[in-house]
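Undergrad:
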Amino acid sequence: MRADRRAWRTEHARAHAGLPEHAPDTTLVVGHWAYQGSGYSPGGALLAAHVWHRRELERRFIAEGGC
Numbered sequence: 008m009r010a011d012r013r014a015w016r017t018e019h020a021r022a023h024a025g026l027p028e029h030a031p032d033t034t035l036v037v038g039h040w041a042y043q044g045s046g047y048s049p050g051g052a053l054l055a056a057h058v059w060h061r062r063e064l065e066r067r068f069i070a071e072g073g074c
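Numbered by the numbering used here, the letters in the sequence shown go through residues 8 to 74 in order.
Here it is in C-alpha cells:
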C-alpha cells in the first residue's frame, strides 16, 4: 500500500510540475539554476548568533548538573 501511495504521489508531483512521462531507461537532467543568496543578512546573523549562544549556555548548564 505504501508503494502504491508513493507511486501516486510521485506521478502527481511529476504531472503538477509539468515534467515528461517517466521512462525507466532515461535520466532526467535539469539545466536551470537560480541564485538564492549567500550567507545571513545582518539581522539573520544576529539572530543565528543569539540562538547559538543560547544553545551553548544550555549545554553548559546541563553539563554542570543543571535540571
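Beta carbons: idealized from backbone N, C-alpha and C, even for Gly.
(1) Can you name the start and end residues of the alpha helix (DSSP H) that P49 belongs to?
(2) Between A30 and V36, what straight-line distance do the alpha-carbon atoms span, to the nearest angstrom?
(3) Does the distance from the CB of Y47 to the CB of A41 come in under 8 Å?
(4) Which class does A24 belong to by DSSP, given the choice of helix, strand or coil?
(5) Could you tell me the alpha carbon to alpha carbon distance between T34 and V58, rounded to whole angstroms?
TA: The short version:
(1) P49 to A70
(2) 13 Å
(3) no
(4) helix
(5) 42 Å
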